[in-house]
């Protein structure tokens, strides 16, 4: 797994920086486009183009200060991207090795031999691939890609969930304008209204009330 990830990471780091200031939402939206294309079928040429386009948002996000705000989300996005880059490596591996001769019942243009360290490492990273090997020697190229892309899709769902939690957290966070001002009585009334409207949580309400009463005590 480490060898496969390292190969993909080297390619990832080799793509030049072009965009800046990308957010986790930008990165996930870019990845969702890649996922959508893989679900309907895609050629290697188009796949490379789709990855290149998505990289304009994924890489800058991973290198940005914004990504440090949610380490878990950053790690999941990185894992998804490595899956897609690994799929690209499998594609290139097939071309580099050449399409191997296979048993007559198999389409010789769709299978690759499994007699290499690269495929061994790939199977360790994606155990389900081992169940797709035919005749103990041949792996359907499309099966390998499908399994890798499914792994990426599963991680993507988790990333979307983490992003949703992050956005909800931001929505419930009281803004500067929500902070009560005026006399003690009016400030207490304000936080009562904010709580009633659901703009602050019970915990935030108690904290704000405590701070107001503490100020009132000090002013006496």
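Residue numbers (the numbering used here): 155 to 374. Don't be surprised by glycine CBs; every beta carbon is placed ideally from N, CA and C.
| query | result |
| --- | --- |
| Assigned exposure category for residue 322 - 16 Cβ within 10 Å defines buried | exposed |
| Under the three-state DSSP convention, the category residue 288 falls into | strand |
| Through-space distance from residue 289 to residue 103, alpha-carbon basis | Residue 103 lies beyond the range of the chain shown here (155 to 374); nothing can be said about it. |
| Spatial distance of residue 192 from residue 303 (CA atoms) | 7 Å |
| CA-to-CA distance, residue 273 to residue 199, given in whole angstroms | 22 Å |
| CB of residue 362 within 8 Å of CB of residue 345, strictly | yes |
| Inter-residue spacing [alpha-carbon to alpha-carbon] between residue 217 and residue 181 | 12 Å |
| Length of the line joining the Cα atoms of residue 187 and residue 347 | 42 Å |
| Whether residue 320 touches residue 233 by CB criterion (8 Å) | no |
| Collapsed DSSP secondary structure at residue 355 in the structure displayed | coil |
| Coarse secondary structure for residue 206, derived from DSSP in three states | helix |
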